[in-house]
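Participant:
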Amino acid sequence: MNALTRSAPWRGTAWVFGKLGFSGRSLVIAIPMLWLGVFFLAPFFVLGRISLAEAIIARPPFTPLFDRAPDGSLEIFASLENYRFLLEDALYRNAYLSSIRVALVSTIFALLIGYPIAYYIARAPEPKRSILLLMVILPFWTSFLLRVYAWMGFLRSNGVINNMLLSMGVIDSPIQMMQTDFAVYIGIVYTYLPFMILPLYANLTKLDGALLEASSDLGASPMVTFFTITLPLSLPGIVAGSMLVFIPAIGEYVIPALLGGPDTLMIGRVLWDEFFSSRDWPVASAVAIVMLVLVVAPIMWLQSVQNRRGMD
Amino acid sequence: MQTRFLGAIAVLGLGSAGMASADTVNVFNWSDYITDEVLEQFTEETGITVNYDVYDSNDTLEARLLAGSSGFDVVVPTATFLERQIAAGVYQPLNRDLLPNLENMDPDLMAAAASHDPDNEHAVIYMWGTTGIGYNIDMVAERLGEDFEVDTWDMIFDPEIAGQLADCGISWLDSPTDMFPAAFAWMGMDPQSTDPDDFEAAADMMMEVRDTVRYFHSSQYISDLANGETCVAVGWSGDVLQAADRAEEAGQGVNVWYAIPREGAMQWFDMLGIPADAPNPENAHAFIDFIMRPEISAAITNYVWFPNANAAAFDLVEEDIRTDPAIYPTPEVTETLFTGVTYDSRTDRTVTRLWTRVRTGQ
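Residue numbers (the numbering used here), protein chains in the order written: chain A, 1 to 312; chain B, 1001 to 1362.
1. At which residues does the beta strand (DSSP E) containing B:Ser-1124 begin and terminate?
2. Within 8 angstroms (strictly less), CB to CB, does A:Ala-297 reach chain B?
3. Among B:Arg-1359, B:Met-1127, B:Pro-1294, B:Val-1333, which has the Cα closest to the Cα of B:Pro-1100?
4. By DSSP's criteria, B:Phe-1028 is part of a beta bridge. Which residues make up the other side?
5. A:Ala-297: buried (16+ other C-beta within 10 angstroms of its C-beta) or exposed?
6. Output the boundary residues of the alpha helix (DSSP H) element that contains B:Asp-1348.
7. Of the residues B:Gly-1134, B:Glu-1160, B:Ala-1226, B:Ile-1133, which one's Cα is nearest the Cα of B:Thr-1144?
8. Hey, is A:Asn-82's beta-carbon within less than 8 angstroms of any beta-carbon in chain B?
9. Nearest-angstrom Cα distance between A:Ser-51 and B:Glu-1318?
10. Between B:Met-1105 and B:Ala-1259, how many whole angstroms is the CB-CB distance? I'm expecting something under 8 angstroms.
11. So the candidates are A:Trp-151, A:Val-184, A:Ile-247; which of them puts its Cα closest to the Cα of A:Ile-255?
12. Applying the criterion that 16 or more other CB atoms from any shown protein chain within 10 Å of the CB defines a buried residue, is B:Val-1050 buried or exposed?
13. Based on the DSSP secondary-structure assignment, which residues constitute the bridge partners of B:Tyr-1091?
14. If the criterion is Cβ atoms closer than 8 angstroms, does the pair B:Asp-1151 and B:Pro-1261 meet it?
15. Tell me, to the nearest whole angstrom, how far the beta carbon of A:Leu-204 is from that of A:Tyr-119; I am working on the premise that it is less than 8 angstroms.
16. What residues from chain A crowd round B:Phe-1057, counting only those whose CB sits closer than 8 angstroms?
17. Whole angstroms is fine: what's the gap from A:Leu-265's alpha carbon to B:His-1217's?
18. Express the C-alpha separation of A:Arg-59 and A:Ala-321 in angstroms, rounding to a whole number.
19. Roughly how many angstroms separate the alpha carbons of A:Leu-80 and A:Val-287, rounded to a whole number?
20. Cβ closer than 9 angstroms: which chain B residues qualify as neighbours of A:Ile-57?
21. Determine which residues share a DSSP beta bridge with B:Gly-1235 and list them.
22. Is the beta carbon of B:Met-1153 less than 8 angstroms from the beta carbon of B:Ala-1185?
23. Is DSSP giving B:Asp-1158 helix, strand or coil here?
24. Would you list the one or two residues that DSSP bridges to A:Asp-89?
25. Measure from the C-beta of A:Leu-111 to each C-beta in chain B and report whether the shortest distance is under 8 angstroms.
26. Taking the alpha-carbon positions, what's the A:Tyr-253 to B:Gly-1068 distance?
27. So, B:Ser-1237 versus B:Gly-1132, is the Cβ gap smaller than 8 angstroms?
28. Report the three-state DSSP secondary structure of A:Arg-147 (helix, strand or coil).
29. B:Asn-1029 and B:Val-1076 look like a contact to me (Cβ under 8 angstroms); what is the Cβ gap, rounded to whole Å?
30. Taking the alpha-carbon of A:Pro-61 as reference, which of B:Thr-1080, B:Leu-1066, B:Phe-1081 has the nearest alpha-carbon?
31. Nearest-angstrom Cα distance between B:Pro-1331 and B:Pro-1325?
32. How would you label A:Gly-153, buried or exposed, when you count the other beta carbons within 10 angstroms and need 16 or more for buried?
33. The alpha helix (DSSP H) spanning A:Ile-238 covers which residue range?
34. Are the segment 1270 to 1286 of chain B and the segment 1344 to 1358 of chain B touching by the rule of at least three beta carbon pairs closer than 8 angstroms?
35. By the DSSP assignment, the alpha helix (DSSP H) with A:Ser-216 in it spans what residues?
36. Could you name the residues of the same chain whose beta carbon sits closer than 6 angstroms to that of B:Asp-1224, not counting the 5 residues immediately before and after it, in chain order?
Take a look at the structure:
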């Protein structure tokens, strides 16, 4: 920071801002804060305000916050009715719980599949590494929606997998895979796998080879070395990768809508239904806010735990 | 305050979809509901480019319209939805001077639609149809016997019969305004009922057969019926017949057909309307007038297999379509059809809540 403010082109600007009561430091902090304010806090407040209204068939489809009473005085309409409704209706509770379950299971599978891949890439010789990394990233060049549709082609009753199993005589009648939770898990793990692999890879390449050598010199088997050295040191990568899979998976809409059946209850889909099928913006906004709190609270807790550990 | 909120939403890109330009028209219509040739011909003749987007539920359309600044010039709500959207101030009155082809329209059908839009002030009929059952002839015969008469809601609502069909795949429309009246008809109640107790009873009935439903969706069933992925679908007449047509073209031995249940089925009208804030209202009028040309109405019916309401177009429709009782119901069947009713806010909330319960099984 000091180097920055002292360098010539910055000095004048810093002086001006200093006179105005801004330091270079606050300016640098202000940019992400502004971003957060415009793209997170402002929409959040809009949602919060709508969640206190009541749905009506009008434009916009919710009651105004302020209204002129017949006698000309200003009336404020706001109620927590929608939040009470969320608590009372089992649908939402079950949808939150089931979203968390689906996201958790998907994260675990993504970790189990992603870790060996990341490990293998990190251990591969340098020229091979970039090719392997490219292979992880390459599917992203195709539209996500197309890739989910491709899975529909695989999983359908008369799709690729069933036809293959039928012709090999493994099964006599097609297995119902589409419109099941199984298909949703496949879709989520497949889609978010690179988000697990990349942070793990970044972490594992930084692993000091000398530690592994020392471990083996001291007589530890590769297994023991992995569990006592590699795994604990890659914990930050595991946490980062798991977060990147878990958070989007919890609010996932497209995958359960396309691959899931009527019993696949996920909050993203409930949210969409509230907006577009029930046209109930206030309840939809309340659902969104509760979801945000549910997702953000554990992350902030985890952050604070990590920070505390970092200070020790 | 409100405009500021909407402004914020628009800034975030959640708002307007279409664009205002002298030579475009933004059309928002149901999926699988037009032929591309008609759109191409319109552009060729008028120089107006068509931005065409699709939806598969009235609720989706209503959500977009009520959000405001939808950017669309022409939308196609079902008449029952149109009625309350008019009350919410969503539409502009049509300028009849720009619609000389209005004289082609069938006066009886337009009068029926006028019960939702007095004097047809805001909309004209695009197509109409019925809500019935699409089925795979062979799969159903295999499970219920050759002699089973399929023109009944028993196919989906009778737990025993639906249970026998569940393994080959049953789909329902994800549309409470189609499913509740059908349930009422099967239960022998008034399909136009707005009594909350009736809705409760129908929802309870549907909950009992819910396990036989593979999915709730309003457009997916067209391709699934066509390739034998499902065997029974509650669907809209023309959509099911398009599935039948596609199945025949594919030549995979899938035979699909459409039945109008004898307990009664809904007859509905889809209406061409212009949103009050349409960016190009003149082009919208030109588009609607173009659709009302007899040869254009006939071309669309020939392709989508939904009947139009254009009296002058009837003779131009292919003979096997205009004489098909699944498309143009016979007078005896027409007797059994009922029309939808527009639900007020309170009923609407009850219906959507109960439907959510049925659809999610919670």
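No residue lacks a Cβ here, since even glycine has one placed at the ideal position from N, Cα and C.
Facilitator: The short version:
1. Per the sequence shown, the amino acid found at residue 1124 of chain B is Val instead of Ser. Taken as a continuous stretch (DSSP letters only), the beta strand (DSSP E) holding B:Val-1124 covers 1123 to 1136.
2. So, not an interface residue.
3. Nearest Cα to B:Pro-1100 within the set B:Arg-1359, B:Met-1127, B:Pro-1294, B:Val-1333: B:Pro-1294.
4. The beta-bridge partner set that DSSP reports for B:Phe-1028 consists of B:Asp-1053, B:Val-1075.
5. Exposed.
6. B:Asp-1348 -> alpha helix (DSSP H) spans 1345 to 1360.
7. Rather than Thr, the amino acid found at residue 1144 of chain B in this sequence is Leu. Each of B:Gly-1134, B:Glu-1160, B:Ala-1226, B:Ile-1133 was checked against the Cα of B:Leu-1144, and the nearest Cα belongs to B:Glu-1160.
8. Output row for A:Asn-82: interface = no.
9. Here the C-alpha atom of A:Ser-51 lies approximately 53 angstroms from the C-alpha atom of B:Glu-1318.
10. Rounded, the Cβ-Cβ distance is 29 angstroms, inconsistent with contact.
11. The shortest Cα separation from A:Ile-255 among A:Trp-151, A:Val-184, A:Ile-247 belongs to A:Val-184.
12. By the 10 Å Cβ count, B:Val-1050 comes out buried.
13. According to DSSP, which records beta bridges pairwise, B:Tyr-1091 is partnered with B:Pro-1275.
14. In this structure, B:Pro-1261 lies closer than 8 angstroms to B:Asp-1151 by Cβ.
15. In this structure A:Leu-204 is in contact with A:Tyr-119, their Cβ atoms being roughly 6 angstroms apart against a cut-off of 8 angstroms.
16. The amino acid at residue 1057 of chain B is misidentified as Phe; the sequence shows Ser. Simply Phe-276, Ser-277.
17. Taken atom to atom, the span from the alpha-carbon of A:Leu-265 to that of B:His-1217 is near 15 angstroms.
18. Outside the shown range of chain A, which is 1 to 312, sits residue 321 of chain A, and nothing can be said about it.
19. If you take the alpha carbons of A:Leu-80 and A:Val-287, they lie about 12 angstroms apart.
20. Correct list: Glu-1062, Leu-1066, Arg-1084, Gln-1085, Ala-1087, Ala-1088, Asp-1344, Ser-1345, Asp-1348.
21. Per DSSP, the beta-bridge partners of B:Gly-1235 are B:Gly-1132.
22. In the sequence under discussion, the amino acid at residue 1153 of chain B is Trp, which differs from the Met named in the question. Contact check for B:Trp-1153 against B:Ala-1185 passes: the beta carbons are separated by less than 8 angstroms.
23. In the structure shown, B:Asp-1158 sits in coil (DSSP, three-state: anything other than H, G, I, E or B).
24. Bridge partners of A:Asp-89: none, in fact.
25. Taking Cβ atoms only, chain B never reaches closer than 8 angstroms to A:Leu-111, which makes this a no.
26. If you take the alpha carbons of A:Tyr-253 and B:Gly-1068, they lie about 24 angstroms apart.
27. Closer than 8 angstroms, so yes.
28. Note: A:Arg-147 maps to helix in three-state DSSP.
29. Rounded, the Cβ-Cβ distance is 5 angstroms, consistent with contact.
30. When the alpha-carbon of A:Pro-61 is set against those of B:Thr-1080, B:Leu-1066, B:Phe-1081, the nearest one is in B:Leu-1066.
31. Straight-line Cα distance between these residues: approximately 9 angstroms.
32. Answer is exposed; the Cβ neighbour count stays below 16.
33. Per DSSP, A:Ile-238 belongs to the alpha helix (DSSP H) from 235 to 250.
34. Too few Cβ pairs lie closer than 8 angstroms, so no.
35. From DSSP, the alpha helix (DSSP H) with A:Ser-216 extends over 209 to 217.
36. Result list for B:Asp-1224: Thr-1230, in chain order.
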